[in-house]
Structure formats: C-alpha cells, structure tokens
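There are 2 protein chains.
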Amino acid sequence: MKHTDPIDELRANADRMAAVLRLLANRERLIMLCRLSAGEASVNELVDLTGLAQSAVSQHLGVLREGGAVAVRADAQTRYYRIADDMVRSIFNALCEACGEQSSTGPHNTAA
Amino acid sequence: MKHTDPIDELRANADRMAAVLRLLANRERLIMLCRLSAGEASVNELVDLTGLAQSAVSQHLGVLREGGAVAVRADAQTRYYRIADDMVRSIFNALCEACGEQSSTGPHNTAA
DNA sequence: TACTAATATCAGATAATGTGCATATTAGAA
DNA sequence: TTCTAATATGCACATTATCTGATATTAGTA
Numbered sequence: 007m008k009h010t011d012p013i014d015e016l017r018a019n020a021d022r023m024a025a026v027l028r029l030l031a032n033r034e035r036l037i038m039l040c041r042l043s044a045g046e047a048s049v050n051e052l053v054d055l056t057g058l059a060q061s062a063v064s065q066h067l068g069v070l071r072e073g074g075a076v077a078v079r080a081d082a083q084t085r086y087y088r089i090a091d092d093m094v095r096s097i098f099n100a101l102c103e104a105c106g107e108q109s110s111t112g113p114h115n116t117a118a
Numbered sequence: 007m008k009h010t011d012p013i014d015e016l017r018a019n020a021d022r023m024a025a026v027l028r029l030l031a032n033r034e035r036l037i038m039l040c041r042l043s044a045g046e047a048s049v050n051e052l053v054d055l056t057g058l059a060q061s062a063v064s065q066h067l068g069v070l071r072e073g074g075a076v077a078v079r080a081d082a083q084t085r086y087y088r089i090a091d092d093m094v095r096s097i098f099n100a101l102c103e104a105c106g107e108q109s110s111t112g113p114h115n116t117a118a
C-alpha cells in the first residue's frame, strides 16, 4: 500500500477545498445559494432575484452543478435547483454566522 | 434617511463574502493558512512548506495582507505572518470540519 | 403543426488572476 | 561601506471568469 507524503495529502486536500471555495467566491452565486439555502428555486426565480440575464444565471448554475454544489429536479419545462453538497452548506453557514456578528443582515434571514 | 433595499443589502453582503472567499480559493494560500492556523510563521518557512518560489509566496502573502486576512510582525529582516481575520478563521475551520466528515457517505444523498 | 415558455449552450469580447523572472528594499554583519 | 539574507515589488505573459447576444433544446398548448 502506498503511503502518501503528508505534504502531498495536504496539497490534495487544499486543492479540493480551493475548488469548492471557487464555486462560492462570486457575488451572484452567493446570492443564488442564499436563496437556495431556504429551499429549491427555479431558474426564473433566480433570474428575478439576481437581476442577471437568463443566460448568465444558467451559466452560473452550470458552474455550481458541475462542481457538485447543486442538483436539479425537472417539472415540465421548469427546473428546480437545490443545494446538494454538505461542504457548501457548512461553508455557507459559517459565512453567514461570521457575517452576522458584524451586522444583523447575513444572507440567511428566511429560514426553511 | 435612505432605507436600503433588502436586495442591495444582500448584494453588499455577498460582495464582502465573495471577497473573503476569493482570498481562500487558492491551493497555495490555503496551505499557508493551514500552517498559520497553528501560529505565526516566517515567509521562509512558508516557502519551504509550499515549495513555491520566494516571490510567489510573497505575492500570495501580499494578497492575503491586502485582503485583511493576515497581519505581519517584523523581527529584524524576518517577517512573521499570522491570521488576522475572524471570518477567515471560521471559514477555514468549517472547511476542515466538513473535509473530515466528507468520507462517511456514498455518491450523493437527496436532502430536503 | 406552429407557437410559446423555460432553460441550456455556444461564441466572442473583456476583465480579472495567477506565474515566473528580474530587481528593489531593508536590516544586520564584516 | 560592502556584502548577504530575508522579503517585497514590477512587469510581461498565460490562464481563467464572466458577461452579452444569438441560437438550440424541450415540454406543453392552440
């Protein structure tokens, strides 16, 4: 069995973490995730929320989807997105708590 | 008195969060922060740890410094860096915890 | 079948980031 | 002062992200 160099393991972990962080390191995606943390939402709803063009929203969702952060459910033409990764959820929560300590308005007022 | 639109406030919050996340969303910087989460370290030590060129490390530290994630203390020519932001610390902790819990389950679960 | 709504994808322009190398700065030692 | 160690900075180049606008796909409806 191959035992991994501790620094290689650290690197591998850091790589995975950085990938997840990159998914979240964007204002629009954070806003979407904020909404999704309260339950699933359709693309249209996220378009209205963010004020972005539909194609931009779709592309952001594509990034999140390919990164495994969200998953989709289809109902007729409408697609409902939801958060699908626990690491994403816990980073987001940590973020909200840390943010809430400075002002009362973190992106998580409406709970599920 | 201007009352802020909730969406504007959300946007402002998300912007700040995204800025912090961008600081962390890099493998090398995460490795450095991992080391710094155990206490302050000199640039040289971080060079050895990461295996990067000194200038690269210095630039990464510059990014973290300007973003307010770390602070420096000088002792002669040596500069000791340390984590200087609570949000950074709590995101990093959440990350570490989530990473440790990650191994428990299979492909994916359908949460609600 | 033609039409519309909802969403995805592609292509191109632009902006933001990261990387490597050379060089500048700064503090102490000889 | 001159040398060296430790660190920072500037610049050029490659890579990546994000937006826009056009078009494709897919499901339901008239």
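Chains as they are written, first to last, in the numbering used here: chain A, 7 to 118; chain V, 7 to 118. Cβ atoms here follow ideal geometry from the backbone N, Cα and C, with glycine treated the same way. Quantities reported herein were computed from a predicted structural model and do not represent experimental measurements.
Checklist entry - In chain order, what residues of the same chain lie with their CB nearer than 7 Å to the CB of residue 63/V, ignoring the 5 residues before and after it? => result When the five nearest sequence neighbours on each side are left out, the beta carbons in the same chain lying within less than 7 Å of the beta carbon of residue 63/V are those of 49, 52, 53, 56, in order along the chain.
Item to check | Three-way DSSP call (helix, strand, coil) for residue 48/A in this model | outcome: Collapsing the DSSP output to three states places residue 48/A in a strand.
Next on the checklist: Once the 5 residues before and after residue 97/V are set aside, which same chain residues still bring their CB inside 8 Å of it?
Outcome noted: In its chain, beyond the 5 residues on either side, 26, 27, 30 have a beta carbon closer than 8 Å to the beta carbon of residue 97/V.
Next on the checklist: Would you say residue 100/V lies against chain A (beta-carbon separation less than 8 Å)?
Outcome noted: Residue 100/V belongs to the set of residues whose beta carbon lies under 8 Å from a beta carbon in chain A.
Next on the checklist: Let me confirm a value: residue 81/V is counted as buried when at least 16 other C-beta atoms fall within 10 Å, else exposed. Which label applies?
Outcome noted: When all chains shown are included, residue 81/V counts as exposed.
Item to check | Residue burial classification, residue 15/A (beta-carbon count within 10 angstroms, cutoff 16) | outcome: Exposed.
Next on the checklist: Given the structure, does residue 71/V come close to the ligand COA, in the sense that its CB is under 7 Å from one of the ligand's heavy atoms?
Outcome noted: Questions concerning the ligand COA fall outside what the structure shown contains, since it holds no ligand whatsoever.
Checklist entry - So residue 44/V packs on residue 92/A, CB below 8 Å; how close in whole Å? => result The Cβ separation is near 25 Å, so there is no contact.
Item to check | Neighbour list for residue 32/V in chain A, Cβ cutoff strictly below 7 Å | outcome: By Cβ distance, chain A contributes 24.
Item to check | Buried/exposed call for residue 18/A, threshold 16 Cβ in 10 Å | outcome: Of the residues assessed, residue 18/A falls on the exposed side of the cut-off, its CB having fewer than 16 other CB atoms within 10 angstroms.
Checklist entry - Contact between the segment 68-80 of chain A and the segment 65-81 of chain V: three or more CB pairs below 8 Å? => result Cβ pair count under 8 Å is below three, so no.
Item to check | Close-in-space but distant-in-sequence residues of the same chain around residue 12/A (CB under 7 Å, 5 per side omitted) | outcome: Result list for residue 12/A: empty, nothing under 7 Å.
Checklist entry - Near residue 1/V, which residues of its chain fall below 7 Å by C-beta distance, leaving aside the five closest residues on each side in sequence? => result Residue 1/V is absent from the structure shown; chain V starts at 7 and stops at 118.
Item to check | Buried versus exposed call for residue 32/A [16 or more other C-beta atoms within 10 Å across all chains shown] | outcome: Flag for residue 32/A reads buried.
Next on the checklist: Here's the rule I'm using: 16 or more other beta-carbon atoms within 10 Å means buried, otherwise exposed. How should residue 24/A be labelled?
Outcome noted: Under this definition residue 24/A is a buried residue.
Item to check | Span of the beta strand (DSSP E), counted from its first residue to its last, around residue 81/V | outcome: 76-81 is the span of the beta strand (DSSP E), which, as asked, contains residue 81/V.
Checklist entry - When burial is assigned at 16 or more other CB atoms within 10 Å of the CB, is residue 41/A buried or exposed? => result So residue 41/A ends up on the buried side.
Checklist entry - Helix, strand or coil: which one does DSSP assign to residue 84/A? => result Under the three-state reduction of DSSP output, residue 84/A falls in the strand class.
Checklist entry - What does residue 54/V touch in chain A if you count any residue whose Cβ is under 7 Å from its own? => result Chain A residues near residue 54/V: none, gap ~10 Å exceeds 7 Å.
Checklist entry - So, residue 20/A versus residue 37/V, is the Cβ gap smaller than 8 Å? => result It is a contact, given that the beta carbons lie within the stated cut-off.
Item to check | Per DSSP, cross-strand counterpart(s) of residue 89/V | outcome: Checking the DSSP bridge columns, you'll see residue 89/V partnered with 76/V.
Item to check | residue 100/A, DSSP secondary structure in three states | outcome: Look at residue 100/A here: in three-state DSSP terms it is helix.
Checklist entry - If you draw a straight line from the alpha carbon of residue 46/A to that of residue 83/A, how long is it in whole angstroms? => result Inter-residue distance for residue 46/A and residue 83/A is about 15 Å (C-alpha atoms, whole angstroms).
Checklist entry - So which residues of chain A does residue 92/V contact, with C-beta pairs closer than 7 Å? => result Result: 104.
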